[in-house]
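Report on the structure given below.
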Amino acid sequence: MRYLPLSEDDRSAMLTTIGANSVDELFRDVPDGLLLKGPVAGLPLHASEMAVERDLSAMARKNMVAGEVPFFLGCGAYKHHVPASVDHLIQRGEFLTAYTPYQPEIAQGTLQVLFEFQTQVARLLGCEVANASMYDGSTACWEAIGMARRITRKSKAIISSGLHPHYVSVCRTMAKFTGDTLATELPALDAKTDAERLIAAIDGETSCVVVQYPDIFGRITDLTPIAEAAQAKGALLIAVVTEPVALGLVKAPGEMGADIVVGEGQSIGVGLQFGGPYVGLFATREKYVRQMPGRLAGETVDAEGKRGFVLTLSTREQHIRREKATSNICTNSGLCALAFSIHLTLLGEKGLTELAKLNHARACEAAERLSAIPGVRLVNDSFFNEFTLELPVEARPAVHAMVEKGVLGGVSLGRLYPGVDALKNGLVIAVTEVASEEDIGALEAALKEVCQ
Amino acid sequence: MRYLPLSEDDRSAMLTTIGANSVDELFRDVPDGLLLKGPVAGLPLHASEMAVERDLSAMARKNMVAGEVPFFLGCGAYKHHVPASVDHLIQRGEFLTAYTPYQPEIAQGTLQVLFEFQTQVARLLGCEVANASMYDGSTACWEAIGMARRITRKSKAIISSGLHPHYVSVCRTMAKFTGDTLATELPALDAKTDAERLIAAIDGETSCVVVQYPDIFGRITDLTPIAEAAQAKGALLIAVVTEPVALGLVKAPGEMGADIVVGEGQSIGVGLQFGGPYVGLFATREKYVRQMPGRLAGETVDAEGKRGFVLTLSTREQHIRREKATSNICTNSGLCALAFSIHLTLLGEKGLTELAKLNHARACEAAERLSAIPGVRLVNDSFFNEFTLELPVEARPAVHAMVEKGVLGGVSLGRLYPGVDALKNGLVIAVTEVASEEDIGALEAALKEVCQ
Amino acid sequence: MTAATDTDVKEGKPLNPTGWRPSAPTALESTAQTVTGNRALMLEEPLLFEIGSRNQTGVDLEAAKAGASRLGGLERNGLDLPGLSEPEAVRHYTRLSRQNYAIDLGLFPLGSCTMKHNPRLNEKMARLPGFADIHPLQPQETVQGALEVINRLAFWLIDLTGMHGVAMSPKAGAHGELCGLLCIRAALEARGDARQVVLVPESAHGTNPATAAFCGYRVENIPATKEGRVNLEALKARLGPDVAAVMITNPNTCGLFEPQMKEISDAVHAAGGFVYCDGANFNAIVGKVKPGDLGVDAMHINLHKTFSTPHGGGGPGSGPVVLSEALAPFGPLPFAARYADGGFKMVEEEHAGDEHPEAFGRMVAFHGQMGMFTRALTYILSHGADGLAQVAEDSVLNANYILRSLEDILDAPFAFSGPCMHEAIFSDRGFAEGFSTIDVAKALIDEGFHPMTMYFPLVVHGAMLVEPTETESKANLDQFIAALRSIAERAKAGDEGLKAAPVYAPRRRLDETLAARKPVLAYKTPAPDGSSTGLGAHFGGG
Amino acid sequence: MTAATDTDVKEGKPLNPTGWRPSAPTALESTAQTVTGNRALMLEEPLLFEIGSRNQTGVDLEAAKAGASRLGGLERNGLDLPGLSEPEAVRHYTRLSRQNYAIDLGLFPLGSCTMKHNPRLNEKMARLPGFADIHPLQPQETVQGALEVINRLAFWLIDLTGMHGVAMSPKAGAHGELCGLLCIRAALEARGDARQVVLVPESAHGTNPATAAFCGYRVENIPATKEGRVNLEALKARLGPDVAAVMITNPNTCGLFEPQMKEISDAVHAAGGFVYCDGANFNAIVGKVKPGDLGVDAMHINLHKTFSTPHGGGGPGSGPVVLSEALAPFGPLPFAARYADGGFKMVEEEHAGDEHPEAFGRMVAFHGQMGMFTRALTYILSHGADGLAQVAEDSVLNANYILRSLEDILDAPFAFSGPCMHEAIFSDRGFAEGFSTIDVAKALIDEGFHPMTMYFPLVVHGAMLVEPTETESKANLDQFIAALRSIAERAKAGDEGLKAAPVYAPRRRLDETLAARKPVLAYKTPAPDGSSTGLGAHFGGG
Ligand SMILES: Cc1ncc(COP(=O)(O)O)c(C=O)c1O
Ligand SMILES: Cc1ncc(COP(=O)(O)O)c(C=O)c1O
């Protein structure tokens, strides 16, 4: 076995040192009959690297690759061009094969990266502090609701109908067990968001209002009034960002008064990867930091007075606080946070703003061309790089029909909201810098056909 | 420009320090009219990473990829499976972006690798010492002839007809200018090599005999009698190995008395790459080391008595000896030598021997099946993983016809020896571990058809 | 794994009894100073915010066509994010990486973390465009290969554990624990049984009680025997109608197998509860023992431990949960199912109705850690059933070799009770006054090794939990043992030099108390007077 | 670039006038010893032969079907090649890599070597299977994309240099020089002219005279002016019917542009000779000046310098040679031609007859360094004509910034004569007795920088040739300048500490004389008594 350094000679020499006659003697605590004799039955034995590579490659070839076709899917995961240097750097063994930086003297690389990541995330989201990452946007969203409960000691969360339906399901799952109550509604194919409804719904029992920005249809609302209304009633505003690239162009939720801003960092540096691993962003106000879930890197000095970084405030965490911890999270999304941080460093404010402009311009162009198709209506009056169309036909079959033409033409609301008639003709289209003129043309042509 | 760190502010600040008003002032030594005003006319301007990636990818897609079809080409370049860790390791910035190790205190990584490479090559080829690499097998072959001239002070090289015709051309090119005379002949489609002819041809003027092992048709001859005959007349035997994997199974030229053994290292760790970069192997007897071309890493100690490595015997080299140098080589093939060394380390004697056995078994199977095709004759009675067939039809069109069927079915002698009628039906087939049962079947089927 | 922090002391936990606080530079540091602060290849690196600029970027983009803006009038002005050109960025991160220790550099014997070699083939496979560049919401006919990977991995996990089903979506071990407990809670509720208590051994990992509490359970301790095992009698005594589940780690966090696991399970089941097994230590028994045979109802598997997906400096991981027949029906959505016709389908809310009516719901937005699945399946196919059993055997062999090579010099509290599994545990008993585990750990750093897990589990005083894993050669272990022996001798002799360690690392011991007392969690541009040299020198942050 | 070796001293070259020989450890080294010899992250690594075994391997292969052996009875028995498992191999090479300095770590100002940032996109493109996994002898209809890359790069090089043709196959600069001189020789022979002499400036790189000699030419020096330029008058005086060619480096190895290049060319042509230009320093003028306008007949371009293909610790490189109309017909085979129908063809011996009758022949087995062509074309397309001109400007700006920031403290022999190109040159004049360039270089190592080129060119005493390249930020240059200033002051003051440098590197100064006197060029398994600890300790090799 290419991955196992011990030779037979090593093994017997070591057994002698140990004073055992066989390895199975070392398993003597396993009751008779439960220790398997020989390899698990019915499973293949070890294989050469070449054989495994062929096996996996064959499966990979069965998938339609986003980069090889006109591609317009979004709804919580976005395709952007990631510079080659990002993947090169995250594969440095010193990053890739390190553990959580519990020994700071030999983990300054990871720790400084986390400190830089926290600062970048806080500035991007417009907040004071951010943590060192969560699993993804949906779990970060749930953790935020739990944090709001701990801060406000109330447990009614008002959820915007613009929140990604999968995020809503995750929150619903958790609420079932924690006793939080969630006020949710279905979205409507309408340019107007439910901001007013949310404001009206806030009451003394409310722990938080949860709003996605831009929302699941791509709509952009001013969060300021919602924040004010919530805070007036002692509730928190939680903003959810699934496309952080948008923040290169539109106001950050923190700037508009959000108390907690969570996000899905995938679209910067991480890539699509069929849904994971992604990276959850979590930022808030300094005063709430001790209620925050997840790891935090902080600055300090060493015995020579040199600046250095350590994991800090770990008394919030499970490994110290156990059942009283703010969250049970341990392993987070470190390497994705690194990829996010490197990509954002390469972009910088200048690059991110240009990238956002390019996305928006492409999306505007596509929206114009697609909404010109007879019977197709553009739902949004505001959007960044993603918008919703109402088709003259049911969107879900339309998407499959476009696949036949080699076009991945968006996400149907039928997929996201199965069985909801009012939404079944809705199609959400994301247009990023990777969509070329020709790609948009191909989508336009395909959509025209399927709409007839 | 993403690769240029200087900002406009930096540039003007620096000009101030320098005391110049413009950068063009720094080019004042360039005569008027010769300094271009603005970018070179008619050429495109800088492009985004995404645009460049698309441009190159489009060209890449126009090529038929060896790994994606039944593939049987050899003749100096062989496709083997290279473990993923090899490419990972050679991309470590500390290897990839280092220069020749002229400052040994901060180049021990490269220097130890070269020392290990030299040892591995010497042992593989069966010699006492090896250098730190040449450009490729063909230039190493030429350098060996030059070295033999310096050692023997004679200048007639007897070239086996089994030497790769491109290697022969390279030698012929050089000989034209150095006054060496080369005795060459064309090979015959015969199981017998020209060993006897070579032995007979050796005379007092002979500086060396050059024999490829296995030869261009894949034939394997015992080099011992040739070595003895050459040495008896004060000439050297130069052995050329283009498929080093063979040496996992067959005697090394050094073991059979060759004085200089050169080789093409491509087939271990380097990959096909359309012909380059490859890595030239160069080994000889300790007593000839000061006549050797190329760099050498040697062991020494540092000021604390710790073992360390340095480039040594550089008084043979151009940067010290200038017109008296043993060669003009400077940049060699360092990174390919690293890849070769890593792959050989992963293989070890055990892996290399198993790999060689696998290659030979596959080749034997293919030879059997293909020579069973009506009208097809197997030329070789000995071979390792490469053999020559005589077809009932001209081989060159046959190869093109097989391409139509999606099979890369070997190298035609018509390609290697254009215009040589006696060889035009010859087809050289290489079969390595990457050729699966199905691949061999596909070749058999395709060849059957084209032979009708 | 969990490390000592001085703040813990304030928590009343005896994590660092030496109460070490940073001291002035000691005589040990070299007297040669450099202008740059660099020490040859040990390079200082400033913060991104000290070298980057808002006007600098490492990307080129085609200019956007000017056009109408549809941003709803919420244009942003400025985000103060510094950029670097590519050359600067590559250097920044390469230099930073060199300040890390990693498996690729040497032994990383963090107990409970299974820091084994990460094969590069796994990285290559995960990057095939067919896996890396597909969208989670693509129509299923366009991702059949991806669903096949998930499904094949799922069946491997089921077969290796002898369980009935598996939930693939949990994002890490702790998330898997949550998944398991939610299944248990759902199962109990389905039978209208509202149990309130989860029993957890004192030696359990922090995520166990944290998870139980998160699900609204009251956590109670299970006492341990002096052999470091679960006290079966005490457990039986505590079982009753209020106990929803017991969470047991097996092999446990002391590195020992629980020989009475089956009896424990039977007792818990008899009392109407469920058995959650923390599978973080599965590496010791993979291919040798099937947890299903031990009566386990749910167990998470850290793919980033047993199945070698890289730890990446803290994540990402993946924590699939295998489930018993009793719990499988309650597992979360979505999951990848294979159909008679050979096709694959991702079962989501939509079809849950007919196919999976009792699912407790969704835990994550999409389908879990695909990138980790690809790596883990590659790892599993490479090893095969035989290789995986060898993995368990070699990991246990390596740990016992360390245990027996050191027990004469380091106190090994459970050594008397027989062989260990994949971890050897030692305590700081016998060290000179004022010396503790942390001093040994920091001295190991100078020797070129990553320290073992310190002060965990809490049941052992000054615990040193050593997990070598199977991917270490005997030569590496011998060198580690030699180094540790000499350090142990110094700790017993009270060699003050130990307190200065590490002296060769990029940083000396760091002041964690200061960090916690005055948290500086984000970079604040120093006041104009603030003399940040941009050369990584210390400045008065916070 | 060329470095001082003590053996050179025996060649009578004043490369290291201090005649330094290794001394006992100095007081500067740290007093803390470790058992392993490691210093935290600065790890010792034994030789492969000390840790590997003949029975160990890092690959798994399916077993070969037993069958007849057709090896002609030449079976080998044993090769004594040690193997390592993959985990051991990854560590061996990762640990070794960490003992290297590299561009990715910091400034690497080796004059004449153009150590600039290597974009990772180039690496990615070169690894596309369509380029990396195609065989040089594949039928041409199956490699049209590869031929297109070669052809497109060829035309870029032609357009950037204003020349008539280009030979793509040379494998490095020196190989390119050979190609150029062979063209010249072929052209001369074609006109029945057997000239015997090649003129080369004393300041030329060693490959120039070595190449000329290799082609059977007698090499004579061209004198230089005190401004560090070619002495035109002296050159003219020497020209005559026996002079085949002059080899001129422009910008020259003192980092200066040859303002009279055109006059030189005209004079040489008038005398019936040819002008070879060493293009190693093309980076200073790419996109700003076309060598074709200077009357050059042949010039090699080091793609691994100007066009940023990685140096890889010594290679591989690529040295295409651009040719004037007079020489193009004699260029080597094969070459990639584009046809009216848009198709591409590799012209080899076969068609040379009709298409390229006077070709001097073939220089390499296949078509040159395809892997470098892909990288270079990626680099060129990324920069474009505008970006390349900016490359030249910034490289010259950076060099002049260094020159003017140091000329007050280091002797800059040619500074008076005006701006430099992309390299700043200094001498060791003014250093205290017994101090020389090597002491400055070794002190720079401790400061975290790679030293500049030492003792080259030979025309400057104790030359320090500094080439920052355009990919260095001002902040990096400022830090380098600060470090060099302090070192220069110490060299002038005769600070003995300098002689101990480097103290922080993986090794102190190494004994090159010992290495050359008793060459140990391959590992020899030590005698049984030989106590090689396998921990990288020194043993009596040789
Ligand atoms: C025993 C044990 N349980 C649970 C966990 C939590 O797993 P994860 O970090 O993947 O969330 C760990 C990880 O350290 C562990 O060691
Ligand atoms: C001036 C000069 N000429 C020629 C060469 C030789 O080029 P290469 O090393 O690519 O053979 C070099 C490389 O160092 C050089 O600096």
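Chains as they are written, first to last, in the working numbering: chain A, 1 to 452; chain B, 1001 to 1452; chain C, 2001 to 2542; chain D, 3001 to 3542. Yeah, the Cβ is synthetic: ideal placement off N, Cα and C, and Gly gets one too.
Contacts that residue i makes with chain B (C-beta to C-beta distance below 7 angstroms)
i, result
"P83 of chain A", "E1049"
"T3525 of chain D", "Those within 7 angstroms of T3525 of chain D in chain B number zero; the least Cβ separation is about 10 angstroms."
Straight-line gap, residue i to residue j (C-alpha atoms, nearest Å)
i, j, result
"E1299 of chain B", "D1009 of chain B", "49 angstroms"
"K448 of chain A", "P374 of chain A", "8 angstroms"
"T3525 of chain D", "A2522 of chain C", "55 angstroms"
"S3097 of chain D", "P3451 of chain D", "19 angstroms"
"E433 of chain A", "P2119 of chain C", "34 angstroms"
"G276 of chain A", "E264 of chain A", "11 angstroms"
"V261 of chain A", "G254 of chain A", "7 angstroms"
"D1421 of chain B", "G3206 of chain D", "46 angstroms"
"A3516 of chain D", "E1116 of chain B", "18 angstroms"
"R3599 of chain D", "A3244 of chain D", "Summary: the structure shown does not reach residue 3599 of chain D, with chain D confined to residues 3001 through 3542, and so no result is reported for it."
Beta-carbon neighbours of residue i, restricted to chain C and to distances below 7 angstroms
i, result
"G1093 of chain B", "T2094"
Residue burial classification, residue i (beta-carbon count within 10 angstroms, cutoff 16)
i, result
"D2293 of chain C", "buried"
"N2077 of chain C", "exposed"
"T181 of chain A", "exposed"
"S1267 of chain B", "buried"
Interface partners of residue i on chain B, CB under 9 angstroms
i, result
"M3125 of chain D", "V1052, E1053, L1056, S1057 and A1060"
"H46 of chain A", "Correct list: empty, because the minimum Cβ distance to chain B is about 14 angstroms."
Partner residues on chain A for residue i, Cβ-Cβ distance less than 7 angstroms
i, result
"H1343 of chain B", "Result: empty, since nearest Cβ-Cβ is about 12 angstroms, beyond 7 angstroms."
Contacts that residue i makes with chain D (C-beta to C-beta distance below 7 angstroms)
i, result
"L4 of chain A", "S3085"
"E2088 of chain C", "S3473"
Interface partners of residue i on chain D, CB under 8 angstroms
i, result
"E2325 of chain C", "In chain order: nothing, as chain D lies at least about 37 angstroms away."
Chain-ordered neighbours of residue i on chain C, where CB pairs are closer than 9 angstroms
i, result
"I1106 of chain B", "A2040 and L2041"
Whole alpha helix (DSSP H) elements within the region 1036 to 1115 of chain B, 4-residue minimum = DSSP assignment within the region 1036 to 1115 of chain B yields the following whole alpha helix (DSSP H) runs of 4 residues or more, N-terminal first: 1049 to 1060, 1084 to 1090 and 1093 to 1096.
Taking contact to mean at least 3 C-beta pairs separated by less than 8 angstroms, is the region 241 to 260 of chain A in contact with the region 210 to 225 of chain A?
-> Three or more Cβ pairs closer than 8 angstroms define a contact, and the region 241 to 260 of chain A meets that threshold against the region 210 to 225 of chain A.
What alpha helix (DSSP H) runs, 4 residues minimum, are completely inside the region 293 to 343 of chain A?
-> DSSP runs (the alpha helix (DSSP H)) wholly in the region 293 to 343 of chain A: 318 to 321.
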